[in-house]
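K.L.:
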Amino acid sequence: MNLMDTLKGSLLENFYPAGWDLDKIDACVGTPDDVLDRQAFWNDKFEPVMCDNLSDFDTFMGHEIANQIRLTREEGRKLAIILPVGPMGMYRWVVYFLKEWNIPCDHVTTFNMDEWADGEGNTLPSTDPASFQYSMEQALFNPLGELTVPKAQRNFATRDNLPTYPGKIAALKAEGAKLVLVYGIGRMCHIAFWEPHFAAEFSSVEEWKQQPYRLGAKLHPLTIEQNAITSFKSRSTLVPCRANTIGPGLFLQADYAIGGADGTL
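Just so it is clear: in the sequence shown, position 79 is 75 by this note's numbering, and no numbers are missing.
Shown next as structure tokens:
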């Protein structure tokens, strides 16, 4: 066994989730020349879009979110949209396009996908600049002004409110609402804070898919380090080790998904 195999074995035993196959993961990584080649397992409507830089990434993501708000408005249809806190730059463009098109958001209900928490699911006050609710208000809801999403239709992943997400989303879908998921792919390949090591708790993939949310979810060290770099000026000690998060039981219900991976981390 060579040194690389030894190191991989050690990482699998002590750091990465037990089910990870590092060779299989490495095999998924193509070159810039073939990354857009259509794969057999892709959804027929999935279309990758290459971004040359982070500015393009923010603009394209923001335009796509704003466009879903515009389209559902024109269709006379409600929109339920699951939103991440980041990349924050995209919300500048959501605001820009909605104001340019003069599109009110009173048909929109938002669901923030996660929030920092302790082990019991208690979250930071909404006035704390580190909270996701504060970030969303400053980046999206307040700048939209009179076009903004009504306060009663904004949902944040607090201990009391996150458990109401499944019922609220089901009720909106029963009324014909379109459910849109906006997501980024984390360093540990998660969506929201639904970490890969959670999978060890379930007896089957189907059981895993049914999980709607988790309070006080334990985060992976690489997730903590990624957020330290992006949001806490590399101060890992400031990053909470737990968070409230939606799970696959909610994000797999989406009628349309807007995803991104900036590649920086």
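Ideal Cβ positions, reconstructed from N, Cα and C, are used throughout, including at glycine.
(1) So if DSSP puts Asp110 in a beta bridge, which residue, or which two residues, is it bridged to?
(2) Count the C-beta pairs between the region 68 to 82 and the region 97 to 112 that are closer than 8 Å, then say yes if the count reaches three, no if not.
(3) Please state whether DSSP places Leu94 in a helix, a strand or coil.
(4) Identify, in the order they occur along the chain, each residue of the same chain with its Cβ nearer than 7 Å to the Cβ of Phe123, setting aside the five sequence neighbours on each side.
(5) Alpha carbon to alpha carbon, how far is Gly182 from Glu191?
(6) Identify every residue that forms a DSSP beta bridge with Leu177.
(7) Look at the Cβ atom of Pro162, then the Cβ atom of Lys205, and state whether they are nearer than 9 Å.
(8) If contact is defined by three or more beta carbon pairs under 8 Å, each pair taking one atom from either stretch, is the region 89 to 105 in contact with the region 130 to 145?
(9) Which same chain residues end up closer than 8 Å to Ala257 when comparing Cβ atoms and leaving out the 5 residues on each side of it in sequence?
(10) Rank Met46, Phe37, Leu218 and Glu133 by C-alpha distance to the C-alpha of Thr27 and give the top, closest one.
(11) Tell me whether Arg88 sits in a helix, a strand or coil according to DSSP, three-state version.
(12) Take Gln222 as the anchor and find which of Gly15, Arg210, Ala213 and Cys237 has the nearest alpha-carbon.
(13) Could you give the distance in angstroms between the alpha-carbon of Lys174 and the alpha-carbon of Phe189?
(14) In angstroms with no decimal places, state the Cα-to-Cα distance between Ile242 and Ser232.
(15) Report the CB separation of Arg155 from Phe137 in whole angstroms; it is logged as a contact under 8 Å.
P.N.:
From the atom records:
(1) Thr241
(2) yes
(3) The answer is helix: DSSP assigns Leu94 an H, G or I state.
(4) The residue you asked about is not Phe; residue 123 is Thr in the sequence shown. Excluding positions up to five away in sequence, the list reads Tyr130.
(5) Straight-line spacing of the CA atoms in Gly182 and Glu191 works out to 9 Å.
(6) Ile78 and Ala253
(7) no
(8) Judged by Cβ distances under 8 Å, the region 130 to 145 makes contact with the region 89 to 105, as three or more pairs qualify.
(9) Gly180 and Ile181
(10) Met46
(11) helix
(12) Cys237
(13) 23 Å
(14) 24 Å
(15) So it is not a contact: roughly 21 Å between Cβ atoms.
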